[in-house]
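Trainee: Just passing along the structure, written as structure tokens.
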Amino acid sequence: MDIELRIRRYNPEADQAPHWETYAVTADATDRVLDLLHQVKWHTDGTLTFRRSCAHGVCGSDAVLINGQNRLACQVLVRDVAPTVSVEPVAGLPVIKDLLVDMEGFWAKYRAAMPYLVNDDVPADGLERRQSAADRDLYEDTSRCILCAACTTACPVFWTNPDYVGPAAIVNAHRFIFDSRDTAHEERLELMADADGVWRCRTVFNCVEACPRGINITRAILEVTRQITNVEAT
Ligand code: SF4
Ligand code: FES
């Protein structure tokens with residue numbers, strides 16, 4: 005099928021401002037939008053810049069806006085967005101070049117959420133930290149995050165207040181706050197209770213809509229706020 009592919013281009017060394025460029029490409033209906041970007045990069049203009057790695061919805065590196073919606077380019081089938089496909093960088097993060105955004109601020113918030121297990125105690129049997137299936141279920145949903153940033157960059161609160169910790173960092177804090185083996189959940193809750201933490205969420209649900217993993221992000225945020233309230237009440 006014939007596709008009119010529109011890509012928002014920006015080269016900081018040559019352009020005053022971003023602009024749209026249009027490419028005529030031919031694709032199979034079951035090709036992905038990432039294949040369209042590859043066609044342009046490999047056959048038309050090698051300077052087109054974007055991130056991608058796995059091409060199978062696992063690494064989270066190719067989040068972009070496709071026809072105005074936050075999506076992974078490797079997951080969206082051409083037939084679902086044809087015949088005119090627009091691709092632009094995610095919103096709210098500085099554009100480095102074309103579709104490539106500066107993720108450093110995003111990673112800083114992720115790191116600040118302590119996204120790792122804290123436990124210096126020796127396990128009861130000296131070998132492993134056991135956990136029931138029911139306890140494991142408490143953070144099953146948030147453990148599936150691939151750090152694509154689609155949620156945070158779809159959030160209007162983040163657009164207006166870049167200091168807001170954002171849904172992705174909260175999801176990754178949730179993953180360890182609700183892990184029965186972890187011993188630092190109060191520290192994490194304190195971080196999330198900060199003025200730019202969970203209270204900034206306005207339950208707009210853009211994050212849920214944007215998440216390629218189908219994580220119920222708003223529920224995770226509410227569960228973290230409930231935990232903060234419970235700890236403050238004790
Ligand atoms: S919660 Fe979903 S949208 Fe947000 S970073 Fe993780 S995988 Fe991406
Ligand atoms: S390239 Fe890895 S998720 Fe799309």
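Under the working numbering, the residue at position 117 of the sequence shown is numbered 121, and the numbers go up by one with no gaps. Where a beta carbon is used, it is the ideal one built from N, C-alpha and C, also for glycine.
Start and end of the beta strand (DSSP E) containing Thr48?
Mentor: Thr48 -> no beta strand (DSSP E), and no H or E assigned at all.
Trainee: Using only CA atoms, which one of Thr53, Ala112 and Asn15 lies nearest to Pro166?
Mentor: Ala112
Trainee: Is the distance from the Cβ of Val212 to the Cβ of Ile181 below 8 Å?
Mentor: no
Trainee: Within 10 angstroms of its Cβ, does Gln20 collect 16 or more other Cβ (buried), or is it exposed?
Mentor: exposed
Trainee: In this structure, how does DSSP classify Leu40 when only helix, strand and coil are distinguished?
Mentor: helix
Trainee: What would DSSP say about Asn220, mapped onto helix, strand or coil?
Mentor: coil
Trainee: Out of curiosity, what's the CA-to-CA distance linking Thr34 and Arg192?
Mentor: 43 Å
Trainee: Report yes or no: do the region 119-129 and the region 38-49 share at least 3 C-beta pairs separated by less than 8 Å?
Mentor: no
Trainee: According to DSSP, is Thr156 part of a helix, a strand, or is it coil?
Mentor: helix
Trainee: Compute the beta-carbon to beta-carbon distance between Val208 and Cys159, rounded to the nearest angstrom, for a pair I have assumed lies under 8 Å.
Mentor: 7 Å
Trainee: Run the proximity test for Arg217: is its beta-carbon closer than 7 Å to any non-hydrogen atom belonging to ligand 1?
Mentor: yes
Trainee: Here's a check: name, in chain order, each residue in its chain whose Cβ is nearer than 7 Å to the Cβ of Ser184, leaving out the five neighbours to either side.
Mentor: Sequence-distant Cβ neighbours of Ser184 in its own chain, meaning closer than 7 Å and more than five residues away, are Gln135 and Asp139.
Trainee: According to DSSP, is Glu194 part of a helix, a strand, or is it coil?
Mentor: helix
Trainee: Do the CB positions of Met5 and Ala28 come within less than 8 Å of each other?
Mentor: no
Trainee: What are the boundary residues of the alpha helix (DSSP H) that Asp124 is part of?
Mentor: No alpha helix (DSSP H) holds Asp124; DSSP gives it neither H nor E.
Trainee: To the nearest angstrom, how far is the alpha carbon of Leu151 from that of Ile7?
Mentor: Those two C-alpha atoms are separated by around 30 Å.
Trainee: If Asn74 and Ala177 are in contact, beta carbons under 8 Å, what's the gap, nearest whole angstrom?
Mentor: Rounded, the Cβ-Cβ distance is 21 Å, inconsistent with contact.
Trainee: Using only the alpha-carbon positions, how far apart do Ala77 and Asp66 sit?
Mentor: 6 Å
Trainee: Identify which residue in Lys45, Thr51 and Gln43 has its Cα closest to the Cα of Ala18.
Mentor: Of Lys45, Thr51 and Gln43, the smallest CA-CA separation from Ala18 is found for Thr51.
Trainee: What does the alpha-carbon distance come out to for the pair Val44 and Arg217?
Mentor: 28 Å
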